[in-house]
Amino acid sequence: MWNSGAETVTNGLTNGVNRWARRGCGLARGFVAARRGNVAMMFALALPVLVMVSFGAIDIHQASKVKANLQDALDAAALAAARSKYTDDVNLNRVGMAALKANMPAYFQDGTGDTASFTLEGNKIVADANVNVKVLVANIVLPPYGKLLDDYLPVGSTSEVLRASRNVEVAMALDITGSMAGSRLTDLKTAAKDLIDLVVQKEQTPFYSRVALVPYSMGVNVGSHADSVRGALQQATTVTAAGWADAAKTVSTISRQNPAVVTANSHGLETGDRVWLTGVSRMTDLNDRIYTVTRVSASQFRLNGVSTTGYSRDGTGGTVRKCWRSDCTVVVTSTGHTLSDGDFVRISGVQGMTNLNATFQATRIDANQFRVGLLGPNQANYSRGGSAQCGYDGCNERIFINRYDQLRTLPKSNCVSERAGAQAYTDAAPAVGQWIGRNYPDSNNSCLGSQISPLSSDIDSLKSKINGYTATGSTAGQIGIAWGWYMVSPSFGSLWGSADSRPADYEPSKTLKAVVLMTDGDFNTPYCQGVISRDAPSNGSAGRAEFQINCSDNGSPFAQSVAMCDAMKRENVVVYTVGFGLGTNRGGAGVDTAIEVMEACATSKDKHFFQASSGTDLKEAFKAIGRDITRLRIAR
Numbered sequence: 007m008w009n010s011g012a013e014t015v016t017n018g019l020t021n022g023v024n025r026w027a028r029r030g031c032g033l034a035r036g037f038v039a040a041r042r043g044n045v046a047m048m049f050a051l052a053l054p055v056l057v058m059v060s061f062g063a064i065d066i067h068q069a070s071k072v073k074a075n076l077q078d079a080l081d082a083a084a085l086a087a088a089r090s091k092y093t094d095d096v097n098l099n100r101v102g103m104a105a106l107k108a109n110m111p112a113y114f115q116d117g118t119g120d121t122a123s124f125t126l127e128g129n130k131i132v133a134d135a136n137v138n139v140k141v142l143v144a145n146i147v148l149p150p151y152g153k154l155l156d157d158y159l160p161v162g163s164t165s166e167v168l169r170a171s172r173n174v175e176v177a178m179a180l181d182i183t184g185s186m187a188g189s190r191l192t193d194l195k196t197a198a199k200d201l202i203d204l205v206v207q208k209e210q211t212p213f214y215s216r217v218a219l220v221p222y223s224m225g226v227n228v229g230s231h232a233d234s235v236r237g238a239l240q241q242a243t244t245v246t247a248a249g250w251a252d253a254a255k256t257v258s259t260i261s262r263q264n265p266a267v268v269t270a271n272s273h274g275l276e277t278g279d280r281v282w283l284t285g286v287s288r289m290t291d292l293n294d295r296i297y298t299v300t301r302v303s304a305s306q307f308r309l310n311g312v313s314t315t316g317y318s319r320d321g322t323g324g325t326v327r328k329c330w331r332s333d334c335t336v337v338v339t340s341t342g343h344t345l346s347d348g349d350f351v352r353i354s355g356v357q358g359m360t361n362l363n364a365t366f367q368a369t370r371i372d373a374n375q376f377r378v379g380l381l382g383p384n385q386a387n388y389s390r391g392g393s394a395q396c397g398y399d400g401c402n403e404r405i406f407i408n409r410y411d412q413l414r415t416l417p418k419s420n421c422v423s424e425r426a427g428a429q430a431y432t433d434a435a436p437a438v439g440q441w442i443g444r445n446y447p448d449s450n451n452s453c454l455g456s457q458i459s460p461l462s463s464d465i466d467s468l469k470s471k472i473n474g475y476t477a478t479g480s481t482a483g484q485i486g487i488a489w490g491w492y493m494v495s496p497s498f499g500s501l502w503g504s505a506d507s508r509p510a511d512y513e514p515s516k517t518l519k520a521v522v523l524m525t526d527g528d529f530n531t532p533y534c535q536g537v538i539s540r541d542a543p544s545n546g547s548a549g550r551a552e553f554q555i556n557c558s559d560n561g562s563p564f565a566q567s568v569a570m571c572d573a574m575k576r577e578n579v580v581v582y583t584v585g586f587g588l589g590t591n592r593g594g595a596g597v598d599t600a601i602e603v604m605e606a607c608a609t610s611k612d613k614h615f616f617q618a619s620s621g622t623d624l625k626e627a628f629k630a631i632g633r634d635i636t637r638l639r640i641a642r
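Numbering (the working numbering), first residue to last: 7 to 642.
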């Protein structure tokens with residue numbers, strides 16, 4: 007809302023007069039002291055003119071400022087009238103004047119002489135407004151406007167708005183990382199709420215105006231929509247059995263032959279089977295080893311490659327067991343486990359074979375069984391219970407090798423990361439095979455608490471959400487940019503329960519779509535398979551290095567950001583960018599700093615990129631963006 011009160015004008019003019027008067031008196035004393043009388047006389051004649059011209063310039067400057075504010079306010083008022091359902095002058099003027107007074111409360115009051123009118127001419131609203139700006143000496147400099155020291159300059163503006171206007175959908179992607187703590191975040195909250203006041207109109211028919219919010223830091227928190235955008239996570243499956251071999255068969259003898267022949271009635275073995283032999287007497291060095299066998303008969307088999315001719319007596323006793331796997335490792339039965347070869351799995355709650363309660367790298371047998379690197383003969387028998395939690399990207403937990411080749415586990419979250427694959431830089435609807443990236447955060451850089459908010463015209467609710475933002479985490483600007491686009495993309499409309507929150511189709515003639523991107527620092531949080539990548543800084547600015555996965559990122563965050571911006575601009579989304587205290591560092595070749603991203607992402611660098619070095623600059627940038635969005639629907 008603009009503030010151009012008469013009291014402010016008067017105070018400003020009075021201060022200006024005092025300064026010019028002091029300067030004029032000093033200059034006059036200098037001329038009076040001059041030895042040549044004609045100089046003093048000429049100055050005396052010129053001084054009144056100089057004073058009047060100087061004061062008049064102050065008056066004109068003040069009037070120009072009021073005129074600019076009047077134009078902004080009149081544009082918004084004309085738009086409000088155009089959005090209304092009315093066609094008669096009385097109601098159009100009522101709606102227009104209400105908006106005009108709200109934006110310029112110091113004017114258009116009883117007795118001021120300020121006037122405005124709103125009329126329907128064909129398919130457009132024509133608005134005219136005139137206000138009187140209090141000045142000091144305009145009657146001398148610009149006659150014939152009144153009396154000395156009690157004068158007013160008339161200022162007027164005109165606006166025309168097509169009645170067939172457009173809907174407005176705006177998404178704000180706001181940086182609330184740790185570096186925004188304190189006054190920076192306070193200034194951002196004020197700026198964002200100012201933009202909402204400018205963009206969201208009270209009248210939502212026949213054309214609506216809505217704003218979506220995307221607070222971001224180390225990712226974006228999608229709240230209850232998590233399963234819909236990154237897919238439901240694979241939960242733990244129940245362990246129903248664990249073992250490693252068939253039941254033991256009693257060994258009668260092991261003959262002194264080459265190769266050795268074992269007698270064990272009804273052994274059930276076939277050539278090529280692998281067995282575990284234990285408990286044999288006399289030939290004790292044959293115990294506790296794995297052998298490959300050749301079947302001789304139903305009661306005998308050979309131990310391939312084993313010679314016993316050096317023994318003085320035959321071996322007796324012991325047992326032999328047929329291993330289920332060639333290495334006699336434990337096989338776990340857990341229906342629907344979803345594991346593939348090499349996936350990590352965390353097993354817990356097993357009774358009996360308690361050594362199974364650990365993390366293993368699994369080898370898939372089939373949909374219901376997998377084996378782990380645990381030697382079976384050394385284990386107690388499985389009793390009951392247990393669960394198996396997978397650890398790949400897409401599971402309820404993430405188990406991975408970090409940048410130091412150490413095993414680490416991270417929990418799930420409702421935050422999301424980058425989209426990879428063929429849909430990486432598109433707004434294709436999330437679905438099987440084209441999910442948004444999952445996010446498994448370390449507690450030192452946890453999922454931010456502030457969630458996205460879909461398109462809404464509820465000003466109070468939007469502001470309340472903004473007020474609740476807290477600064478935390480590192481900077482994944484590429485993810486914030488992506489979700490700025492998704493919030494105005496019709497492809498993501500099915501996520502939102504309310505029809506009012508669903509973005510319209512890409513039809514620029516009917517709906518203006520805009521995304522406002524704001525950051526205060528370089529993007530330092532790339533991802534790989536749901537975890538911050540080893541390509542992130544290891545100095546703690548992107549969380550603890552020991553929780554960075556040992557794989558390369560999905561691409562530079564800066565390159566990802568530009569690709570995303572280019573894609574949304576091809577859909578005629580207007581992109582505004584705001585860099586808050588980014589400095590002037592341009593990095594190396596290509597786009598590799600935040601300021602370069604902000605410049606490249608903007609629809610145009612000259613008109614849509616804003617560099618703010620202070621809180622005041624930030625607020626002014628957001629106001630300018632809000633006014634520009636409104637003006638995009640102004641006919642002339």
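We put the beta carbon where it would ideally sit given N, CA and C, even for glycine.
Cβ shell of residue i (< 7 angstroms), same chain only, five flanking positions each side left out
{"i": "residue 512", "result": "496, 577 and 578"}
{"i": "residue 3", "result": "Any property of residue 3 remains undetermined from this structure, which presents the chain solely from 7 to 642."}
{"i": "residue 354", "result": "363, 392 and 393"}
{"i": "residue 623", "result": "none"}
{"i": "residue 81", "result": "165, 636, 637 and 640"}
{"i": "residue 542", "result": "530, 531, 532, 548 and 554"}
Nonlocal neighbours in the same chain, by C-beta distance under 6 angstroms from residue i, ignoring five residues either side
{"i": "residue 148", "result": "Confidence is the limiting factor: at residue 148 the pLDDT is only 49, short of 50, which leaves the residue's position unreliable, though a coordinate-based value still follows. For residue 148, where only same-chain residues beyond five positions count, there are no Cβ hits under 6 angstroms."}
{"i": "residue 31", "result": "The pLDDT assigned to residue 31 is 47, lower than 50, so where the model puts this residue is not dependable; a value taken from the coordinates is nonetheless given after this. Here the set comprises nothing."}
{"i": "residue 224", "result": "451, 479, 480, 482 and 531"}
{"i": "residue 632", "result": "201, 204 and 205"}
{"i": "residue 34", "result": "Summary for residue 34: the model assigns pLDDT 47, below 50, so the residue's position carries little reliability; its value from the coordinates is reported in the next sentence. Excluding sequence neighbours, residue 34 sits near nothing in its chain."}
{"i": "residue 121", "result": "136"}
Whether residue i touches residue j by CB criterion (7 angstroms)
{"i": "residue 530", "j": "residue 424", "result": "no"}
{"i": "residue 520", "j": "residue 635", "result": "yes"}
{"i": "residue 299", "j": "residue 275", "result": "yes"}
{"i": "residue 125", "j": "residue 94", "result": "no"}
{"i": "residue 484", "j": "residue 567", "result": "yes"}
{"i": "residue 1", "j": "residue 228", "result": "The requested residue 1 is not part of the displayed model; the chain covers only 7 to 642."}
{"i": "residue 615", "j": "residue 590", "result": "no"}
{"i": "residue 545", "j": "residue 409", "result": "no"}
{"i": "residue 254", "j": "residue 325", "result": "yes"}
{"i": "residue 599", "j": "residue 581", "result": "no"}
{"i": "residue 348", "j": "residue 366", "result": "no"}
{"i": "residue 386", "j": "residue 312", "result": "no"}
Buried/exposed call for residue i, threshold 16 Cβ in 10 Å
{"i": "residue 418", "result": "buried"}
{"i": "residue 231", "result": "buried"}
{"i": "residue 611", "result": "exposed"}
{"i": "residue 268", "result": "buried"}
{"i": "residue 257", "result": "buried"}
{"i": "residue 194", "result": "buried"}
{"i": "residue 369", "result": "buried"}
{"i": "residue 6", "result": "As shown, the chain starts at 7 and ends at 642. That puts residue 6 outside it, with no answer to give."}
{"i": "residue 278", "result": "exposed"}
{"i": "residue 91", "result": "exposed"}
Close beta carbons around residue i, own chain, < 8 angstroms, minus the five adjacent residues each side
{"i": "residue 374", "result": "339, 340, 341, 342 and 343"}
{"i": "residue 189", "result": "621"}
{"i": "residue 625", "result": "193, 196, 197 and 200"}
Residue(s) in a DSSP beta bridge with residue i
{"i": "residue 321", "result": "260"}
{"i": "residue 636", "result": "Note: residue 636 sits in no beta bridge, so no partner."}
{"i": "residue 334", "result": "Answer is none; residue 334 lacks a bridge partner."}
{"i": "residue 290", "result": "Partner(s): none; residue 290 has no beta bridge."}
{"i": "residue 583", "result": "523 and 615"}
{"i": "residue 222", "result": "181"}
{"i": "residue 372", "result": "375"}
{"i": "residue 121", "result": "136"}
{"i": "residue 410", "result": "Residue 410 is not bridged to any residue."}
Cβ separation of residue i and residue j, assumed to be a contact under 8 angstroms, to the nearest whole Å
{"i": "residue 607", "j": "residue 487", "result": "7 angstroms"}
{"i": "residue 377", "j": "residue 335", "result": "5 angstroms"}
{"i": "residue 414", "j": "residue 552", "result": "7 angstroms"}
{"i": "residue 163", "j": "residue 77", "result": "5 angstroms"}
{"i": "residue 175", "j": "residue 216", "result": "6 angstroms"}
{"i": "residue 447", "j": "residue 416", "result": "7 angstroms"}
{"i": "residue 499", "j": "residue 220", "result": "Not quite, the Cβ-Cβ distance comes to about 16 angstroms (not below 8 angstroms), so this is no contact."}
{"i": "residue 475", "j": "residue 459", "result": "Rounded, the Cβ-Cβ distance is 11 angstroms, inconsistent with contact."}
{"i": "residue 72", "j": "residue 161", "result": "5 angstroms"}
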